[in-house]
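J.: Yeah, the sequence shown ends on 144 if you go by numbering that gives the first Met the number 0, and it's all consecutive.
Virtual Cβ for every residue (Gly too), placed ideally from N, Cα, C.
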Amino acid sequence: MKKLGMVVAIFLAALTVKADEGMWLLKELNSESVARMKELGFTFPVDQLYDENNPSLKDAVVIFGGGCTGVAVSEQGLIFTNHHCGYGAIQKLSAVEHDYLKDGFVAKSQGEELPADGLTVSFLRSMTDVTDRILSQVPSVLSEI
0 MKKLGMVVAI FLAALTVKAD EGMWLLKELN SESVARMKEL GFTFPVDQLY DENNPSLKDA
60 VVIFGGGCTG VAVSEQGLIF TNHHCGYGAI QKLSAVEHDY LKDGFVAKSQ GEELPADGLT
120 VSFLRSMTDV TDRILSQVPS VLSEI
C-alpha cells in the first residue's frame with residue numbers, strides 16, 4: 000500500500016513539472032526569448048544585457064575558477080558566487096586553528112581579506128559563433144554524426 004501511495008504521489012508531482020526554454024546566450028536573444036522573459040517578469044532593458052561596444056550586464060558576469068559563474072558587484076572586485084565554487088579555495092585557506100569551512104570568515108576591511116592563490120576569474124568580452132568555421136574542417140563522413 001505504501002508503494003502504491005508513493006507511485007501516485009510521484010505521478011501527481013510529475014504532472015506539475017513543465018519543461019521550458021530558459022537558458023539563452025545573451026548575444027543570441029531573439030524576440031521570442033525576450034517576450035518570454037518579459038512574461039516571466041523581466042524588466043531590465045534588453046539592449047543593456049549584451050553589448051560588445053558599450054557597458055552592459057555581460058561585463059559583470061564572470062567565470063569563477065574552473066567553470067563556475069559569478070557576478071562582480073563592485074568596482075573593487077567583490078564577486079558573488081555559490082559556496083561550492085569557492086569551497087576548494089576556502090579549504091586551502093583553512094587550518095586546524097582557523098577552520099573557515101566550519102566557522103566561516105568575515106573580513107572587516109580589504110586589509111583583512113585572504114588571497115586565494117591560483118584562483119582565476121575571467122570576464123566575457125565578446126561572443127563569436129564559430130560553428131561554420133568548425134564544420135568546414137569536419138570531414139563530410141563525420142558530419143552526419
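When the Cβ atoms of the region 119-128 are set against those of the region 58-76, are three or more pairs found closer than 8 Å?
T.: Yes, the region 119-128 touches the region 58-76.
J.: Are residue 92 and residue 99 close, meaning C-beta to C-beta below 7 Å?
T.: Yes.
J.: Would you report the Cα separation of residue 102 and residue 75, rounded to the nearest angstrom?
T.: Roughly 26 Å between the two C-alpha positions.
J.: State the Cα-Cα distance for the pair residue 112 and residue 106, rounded to the nearest angstrom.
T.: C-alpha separation (whole angstroms): 5 Å.
J.: Indicate whether residue 70 and residue 88 have their beta-carbon atoms separated by less than 7 Å.
T.: No, the pair does not count as a contact, with Cβ atoms beyond the cut-off.
J.: Take residue 81 as the anchor and find which of 96, 73, 61 and 95 has the nearest alpha-carbon.
T.: Among 96, 73, 61 and 95, the Cα nearest to that of residue 81 belongs to 61.
J.: List the endpoints of the continuous beta strand (DSSP E) containing residue 145.
T.: The chain is shown only over 0 to 144; residue 145 falls outside these bounds and no answer can be derived.
J.: So who's on the other strand from residue 94, going by DSSP bridges?
T.: Residue 94 is bridged to 97.
J.: Beta-carbon within less than 7 Å of residue 26's beta-carbon, same chain only, minus the 5 sequence neighbours each way: which residues are those?
T.: Excluding residues within five positions, the ones whose Cβ falls inside 7 Å are 49 and 126.
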